[in-house]
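In full-length UniProt numbering, the protein residues as written are 1 to 1056.
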């Protein structure tokens, strides 16, 4: 244990002073319930800082437990018991938990009996259901059909009974009607989030090195932390819980079905679509736990097919039939075996997949079960950002004491699935309640109750690599739709309505007509915009757009409720999958043997549109036979439209609607390709802000967190609404349990901490170079593109000279794949490529413009790098450098590409990093201009670099919604424009700093950084944005000879 201010923290090795300082800042912020923003360079042990700083706030390791034998014996007797008996005799709280479980079993038994009776009275037989008809309220359907004199038909062939609706409303958590052992909920939790599963796997390996995994732990009592508001309450509750005794630290790596699904047949049928895989999995689980599925499973086992590691019932899933199939990986006996393994010893992601394959159980389902009893949850921050992903993985039992909300406001099923959306249907859009994500429901005692969303109250959120969080939120909150997609959606919706004309409820048919009319108006608006002569982009406020498109009276939330409750899109997706398979089979038949598609439902023949003018009367079938349409991409269009519709429903005064007009593919000037894009300026409102506000405290860590206006403020603070566009606050988007008066509470206090590097200044040398060996000026501005070939020749000559004095590996970063390709082609035509390759072997990062296999051989006799993936290329790069006959290697990479972040070029893998140019974003992009203007107006309070130090070509905006670009040399002197230009430079240098940090990874490492562009030399505001720990090592070279001499002397000195 080491002293970090007034705290004591563990560490796996002797910590540096900066590491102790960072952990002290984390402990102070967590004790106060604040948000700690930590900027620490790569290679400073940031992962261990975060793990030990946060876990020492929550737990205290019981290091002496093995010697005394007390706590260890308790752990053995507790953890070795079956699930549900862990706390059978461990103090207060457990008897009430046992009573709660008994009450749950009795309640589920009553509900099963009631559902059985209701199904017998109203549901009909399962064999007569059309699997593609939307879920409808059975009683309302019976009443409507009885008025038409068709009650007998309803009772004999109802397409969607209440039991079928109930089986879907529960979402992923409804696996069976049998009792399920529920683990006690452990709170508070630590959610450790990073960008990718690979990075989280590395964090899991680091966690095993900590004292918290190597010893037993105990919750810190209320006297062990600062009593400050919620922090005191949280730990007082923890002190009263049955988990205060020493025990093992439990952790779980949360992932989606794409990473954990073992059923190859389901994944193949999904075709790479996450949404389709979820639907297929839910259908397979519903069948597996049904009476029919259990009978089929029993018969298959009796035939001797008992291999648990093979998917059995689902083998014929890809066939054109609509018979239901199950999944052998979700059998309860196998799931219990896998759960017991995980309860004994926590497993990471790869171990869960391997163990699940051996046991024959689904690791995804077990992960969601053990998450309830986990102390540390590893989760990609894409799952935290998206409200739908949060609800899918963390809702219900996973993070709540009780899975559903049992308030009196729960709705009775018999009142209809859309009863909540009838009121206020004539209101304007701005007065509607928001629908942030799909609501999941459960039926209890005949009442329809909502499944609770994830509960983060009292938890601690830790986000590593947080400098990318804003960019990811911007991508998630942006939704777009094109005119061809709207036309496809229109035909699908109208075709579905015609197909089931006589079986749909009146209000459902009306809802489909309203959706078709809404799509028609959007398509008409895009058609009119496409006829304009100038191919450009325009931006407007959301309210102005609704009036221009004449959709201001449309209640989109009724559509969203209808989609959620009827499950129209999954039904339509399944219908499309079946029809696509049959259409492709029909096309593949020999000529003269074509057969017209006929649906399997006995009702569908009389519902098909009787349009005799077309070869295909069914609009959906006609669409699938159209040669201009990609049949496999039509289903994906459905989900893109749903995403667009949901963000349309969440639009407010901070939403901008962008119409992009691009030239048509055939070059016609009469019609342009038009895209409708929804851009959210307040990125945190529906992403991270509700999570961080509900949690007790948070830690956001990254290598380049400055300026906070671009990395944190948009997620942690909400801008006040404008006076002229004051609309309803999105109260319903807050987590369940948040009171309305809490929606306007102030954001948490932000504590910013910046740490240096563990290496001394003498181990790093940063050089800025403005001229090449021939004296030519090195400046890579797009306006001077015609002079790039000569500049590239100078860069090639400079690299050749540096290769002769820099040992081992060098990494050269270009600003884009296009520029890297132009540079390679230029030096290859001049013969410089082969010359450099003879000194250091050239490797190239696989990219979108080309892959590494396009690099031809070279004259030295060595083959050029031909790797097609990053991993194989890096392995080849590392093995070449370590080989005895190697004189080093030269790696061409791209800023913002696969190698600019998350890759360690330590020691000889990266003795030098060369950056060619400045990666400024395209200032003509409308969304970038809107983003910078919003940040400057709502977050930045001081004037950034003055106009005297700013290069030509900047951004300005007028008072309207239109965005314009100022020509080069016309920089306005307004403070707003200066702020925007400064923010644009900040974005640029953040990318540069991420790239140059790849080479220094530990205290004994050393490397040189060479920045090739005249602007690095001439502009002090750019050099000032280089990381502070590199500032003492910056050298402004007078010319190439001066830079070359300094680089040579640096490595000579390091060899001594």
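We treat Cβ as the ideally placed atom computed from N, Cα and C, and that holds for glycine.
Everything numeric in this text was worked out from a predicted model, so none of it was measured.
Residue 253 sits in a strand when the DSSP states are folded into three classes. Here residue 817 carries a helix assignment [DSSP, helix/strand/coil]. Distance check between residue 370 and each of 360, 581, 338 places 338 closest, using alpha-carbon atoms only. Its Cα nearest to that of residue 466, the residue 707 stands out among 579, 549, 707.
The Cβ atoms of residue 902 and residue 199 sit closer than 8 angstroms to each other. Three or more pairs of CB atoms, one per stretch, sit closer than 8 angstroms, so the stretch 811–827 contacts the stretch 909–922. Assigned with DSSP and collapsed to three states, residue 210 falls in coil, not helix or strand.
Pairing residue 530 with residue 661 gives a Cβ-Cβ distance under 8 angstroms.
Counting the other CB atoms within 10 Å of its CB gives residue 663 a total below 16, which places it among the exposed residues.
With a threshold of 16 other beta carbon atoms within 10 Å, residue 6 falls short and is exposed. Residue 42 places its beta carbon less than 8 angstroms from that of residue 703. Counting other Cβ atoms within 10 Å of its Cβ, residue 1032 stays below 16 and is therefore classed as exposed. DSSP places residue 894 inside the beta strand (DSSP E), whose first and last residues are 889–894.
Distances from the alpha-carbon of residue 874 to those of 701, 936, 809 put 809 closest. According to the DSSP assignment, residue 663 belongs to the beta strand (DSSP E) that extends over 655–663. In this structure residue 343 is buried. Its beta-carbon is surrounded by 16 or more other beta-carbon atoms within 10 angstroms.
In this structure, the CA atom of residue 23 is about 7 angstroms from the CA atom of residue 4. Taken atom to atom, the span from the alpha-carbon of residue 456 to that of residue 697 is near 10 angstroms. For residue 374, the three-state secondary structure derived from DSSP is coil.
When the beta-carbon positions are compared, residue 880 and residue 886 come within less than 8 angstroms of each other. According to the DSSP assignment, residue 539 belongs to the beta strand (DSSP E) that extends over 537–541.
By the 16-neighbour rule on beta-carbons within 10 angstroms, residue 483 is buried. According to DSSP, residue pairing for residue 1035 in a beta bridge involves 767.
Rounded to the nearest angstrom, the gap between the Cα atoms of residue 255 and residue 202 is 15 angstroms.
Note: residue 482 is bridge-paired with 675 in the DSSP secondary-structure output.
Pairing residue 36 with residue 261, the inter-Cα distance amounts to about 36 angstroms. With a contact defined as Cβ atoms closer than 8 angstroms, residue 190 and residue 376 qualify at about 5 angstroms.
Under the DSSP assignment, residue 61 falls outside any alpha helix (DSSP H), being part of the beta strand (DSSP E) whose first and last residues are 59–62. With respect to the 8 angstroms criterion, residue 926 and residue 658 are classified as neighbours on the basis of their beta carbons. In this structure, DSSP gives residue 753 an extended state, which the three-state scheme calls strand. In terms of Cβ geometry, residue 1003 and residue 766 do not form a close pair [threshold 8 angstroms].
Spanning the alpha carbons of residue 833 and residue 492 requires a straight line of approximately 54 angstroms.
When DSSP assignments are scanned along the stretch 342–392, the uninterrupted stretches of alpha helix (DSSP H) that are 4 or more residues long and fall wholly within it turn out to be 349–359, 363–370, 381–385. Here residue 8 carries a strand assignment [DSSP, helix/strand/coil]. Rounded to whole angstroms, the gap between the alpha carbons of residue 502 and residue 569 is 19 angstroms. Here residue 1 is exposed. Its C-beta has fewer than 16 other C-beta atoms within 10 Å.
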